[in-house]
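In my numbering, the protein residues as written are 264 to 753.
First up is the structure itself, then whatever we jot down about it.
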Amino acid sequence: MTVQTIKSLADALAQKKVSSRELVGQYLDRIDATNASVNAFITVDRDGALAAADVADKAIAAGNASPLTGVPIAHKDLFCTEGVLTTCGSKMLANFVSPYDATVVSQLKAAGTISLGKTNLDEFAMGSTSESSFYGAVKNPWKLDRVPGGSSGGSAAAVAAGMVPAATGTDTGGSIRQPAGLCGITGIKPTYGVVSRYGMIAYASSLDQGGPMAHTAEDCALLLNHMAGFDTRDSTSLERAKEDYTADLDKPLDGLRIGLPKEYFGEGLAADVRAAIEGALAELRKLGATTVEVSLPNTHLAIPAYYVIAPAEASSNLSRFDGVRYGHRAADYKDLVGPKTSPLDAMYMRSRAEGFGAEVKRRILVGAYVLSHGYYDAYYIKAQQLRRLIAQDFQQALQSCDIIAGPVAPTAAWGLGQMADDPVQMYLADIYTIAVNLAGLPALSTPAGFSAEGLPVGLQLIGNYFAEARLLGVAHRLQQATDWHLQQPK
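Take a look at the structure:
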């Protein structure tokens, strides 16, 4: 099976070489054959997808189609989708059918894309391995005993395994870029506020950002053209003119200055990952770019700052899941009722204890602690001050370069269960990605070769605010000169 890109499929549909129903049927068959081993999908909407394909075929026949009409995609299962399960990978929402579409879903639907279903993820997007899902761990298609990265591991694995040509993801601390890197595809986290968060169930509101995941930078640009835009329903959405993210795809790299943070190439970076990254940088130099050393001196503070801020916001956001209005409600909680515990409190306690998994409970507890009286100033305020210093580091570095490059993760994909007993080790896997979210900058992952074991390695490209088109252009030029993004798991 060869790599099918959004662009090639859209062209085939427009030229009537294939119908949308045929295309959707082929991908649904691929999901049926593959998902049992990869576990990338939680929900497959076969009937809805085929019905939408018939509508798309009529639009194409009538000449009323848009460029993406009839193209199949999938959505990470924390984007609300009307009439379809939206679980966040959690028992808490195992029966929740959303009554409305998230803005990202509605905009891609309006562009003509067809959702095949909802992809698996770390529960409530909390994790770096896609192992904490109530629906079981996602497997990396390149080697089924390895993690695909997280939290958007289901989306990355689905694209890598050929179950769908593209998917949506969300990125709170690297959750698009890291799984894209570990699965050998392309994924971009836009500038915070460029893509609406309305209908995207929140983990950490000041860090979450949606973005596309696909085989190529060109495909990501085509999808981002429809995902991005101002939304009055999201108070953090940025009101700015619409942008064409394909505009810089063919822009030459002559004179491009790429900053290489010395902190990203020091201790902890695996030798085979370093070799792959240096190989990708050599290709960019051949295309006319130059590299300069820069410094991001507060990089080592990004993880402790993040794991104060993100759990604090999560503890607040997840307080709404109490068993009263929607979500899981415990069937029996009378044994908890006592002199100091009312029936209502008992219901809250049992419902949340049953509904949330271990990693979510851990982050809620950490978040509640750092926001509590006596610790708010000592932890949360200090973390926000570090966040400002980290953002200033990037601005200082970008004065001497146009973009910043480095690895996505310290190693290639590691074994399933390898970090199950050491959450701190799992958190350290995000050392190169978290700072970008704290600063609100755009960044992407593009394939950059393979590890000593033949597993994908991702190159991370980071830009200044609203530099998405430039980042996609650099990745596109690299992909034109190499074939790493066309390699597929056997």
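C-beta: ideal position from N, C-alpha, C; glycine also.
None of the values given here were measured: they were computed from a predicted structure.
For the candidate residues the options, whose alpha-carbon lies nearest to that of residue i?
{"i": "Ala-533", "options": "Gly-721, Asp-340 and Asp-292", "result": "Gly-721"}
{"i": "Asp-535", "options": "Leu-519, Leu-679 and Glu-716", "result": "Glu-716"}
{"i": "Val-571", "options": "Ile-439, Tyr-690, Gly-432 and Ala-654", "result": "Tyr-690"}
{"i": "Gly-586", "options": "Leu-564, Glu-576, Arg-615 and Ser-393", "result": "Arg-615"}
{"i": "Leu-341", "options": "Lys-270, Asp-665, Ala-273 and Phe-359", "result": "Phe-359"}
{"i": "Gly-473", "options": "Gly-669, Pro-404 and Gly-437", "result": "Gly-437"}
{"i": "Pro-442", "options": "Pro-719, Asn-727 and Asp-494", "result": "Pro-719"}
{"i": "Gln-750", "options": "Asp-295, Pro-404, Ala-641 and Val-347", "result": "Pro-404"}
{"i": "Ser-708", "options": "Lys-280, Ser-714, Thr-376 and Met-476", "result": "Met-476"}
{"i": "Ser-468", "options": "Ala-325, Gly-492, Gly-703 and Ala-480", "result": "Gly-703"}
{"i": "Leu-331", "options": "Ala-672, Asp-310 and Gly-375", "result": "Gly-375"}
{"i": "Gly-590", "options": "Arg-740, Phe-493, Arg-613 and Ala-275", "result": "Arg-613"}
{"i": "Ala-324", "options": "Ala-732, Val-287, Val-307 and Ser-282", "result": "Ser-282"}
{"i": "Lys-452", "options": "Val-737, Val-699 and Ala-593", "result": "Val-699"}
Distance check for residue j and residue i, CA to CA, integer angstroms please.
{"i": "Asp-746", "j": "Ala-419", "result": "18 Å"}
{"i": "Cys-483", "j": "Val-368", "result": "15 Å"}
{"i": "Ser-498", "j": "Val-457", "result": "12 Å"}
{"i": "Ala-312", "j": "Ser-378", "result": "6 Å"}
{"i": "Asn-488", "j": "Gly-531", "result": "37 Å"}
{"i": "Lys-354", "j": "Gly-390", "result": "16 Å"}
{"i": "Ala-676", "j": "Ala-683", "result": "14 Å"}
{"i": "Glu-617", "j": "His-338", "result": "26 Å"}
{"i": "Leu-735", "j": "Arg-440", "result": "13 Å"}
{"i": "Val-555", "j": "Ala-660", "result": "10 Å"}
{"i": "Ala-711", "j": "Gly-669", "result": "11 Å"}
{"i": "Gly-413", "j": "Pro-602", "result": "43 Å"}
{"i": "Gly-416", "j": "Val-422", "result": "10 Å"}
{"i": "Tyr-398", "j": "Glu-386", "result": "9 Å"}
{"i": "Phe-657", "j": "Ala-565", "result": "12 Å"}
{"i": "Val-629", "j": "Asp-685", "result": "16 Å"}
{"i": "Thr-431", "j": "Leu-607", "result": "38 Å"}
DSSP has residue i in a bridge; who is on the other side?
{"i": "Gln-751", "result": "DSSP lists no partner for Gln-751."}
{"i": "Ala-429", "result": "Ala-477"}
{"i": "Asn-403", "result": "Lys-406"}
{"i": "Gln-472", "result": "Asp-434"}
{"i": "Gly-721", "result": "Pro-710"}
{"i": "Glu-556", "result": "Leu-523"}
{"i": "Met-463", "result": "Phe-342"}
Looking only at its chain, what residues have a beta carbon closer than 6 Å to the beta carbon of residue i, apart from the 5 residues adjacent to it on each side?
{"i": "Asn-580", "result": "Ala-465"}
{"i": "Phe-729", "result": "Thr-454"}
{"i": "Val-301", "result": "Lys-402, Pro-404, Ala-420 and Ala-424"}
{"i": "Arg-626", "result": "Met-389, Pro-574 and Ala-577"}
Tell me which residues share the same chain as residue i and place their Cβ nearer than 7 Å to its Cβ, disregarding the 5 neighbours each side in the sequence.
{"i": "Asp-770", "result": "Missing from the structure shown is residue 770; the chain here goes from 264 to 753 and no further."}
{"i": "Asp-317", "result": "Arg-284"}
{"i": "Gln-267", "result": "Pro-428"}
{"i": "Asp-471", "result": "Thr-433, Thr-435, Arg-460, Met-463 and Ala-465"}
{"i": "Ile-697", "result": "Gly-436, Gly-437, Ala-565, Ile-566 and Tyr-569"}
Enumerate in chain order the residues of its own chain whose CB-to-CB distance from residue i is below 8 Å, with the five nearest sequence positions on each side excluded.
{"i": "Ala-744", "result": "Glu-546, Lys-549 and Leu-550"}
{"i": "Thr-349", "result": "Asp-340, Leu-341, Phe-342, Cys-343, Leu-356, Phe-359, Val-360, Ser-361, Lys-381 and Ile-464"}
{"i": "Leu-634", "result": "Ala-575, Ser-578, Ser-579 and Tyr-643"}
Quiz item: Are the stretch 354-366 and the stretch 596-610 in contact at 8 Å, needing three or more beta carbon pairs?
Solution: no
Quiz item: So, do the stretch 488-505 and the stretch 458-467 have three or more beta carbon pairs nearer to each other than 8 Å?
Solution: yes
Quiz item: Pairing CB atoms from the stretch 613-633 with CB atoms from the stretch 558-568, are three or more of them under 8 Å?
Solution: no
Self-check item: Inter-stretch contact at 8 Å, needing at least 3 Cβ pairs: the stretch 518-526 / the stretch 663-672
Solution: yes
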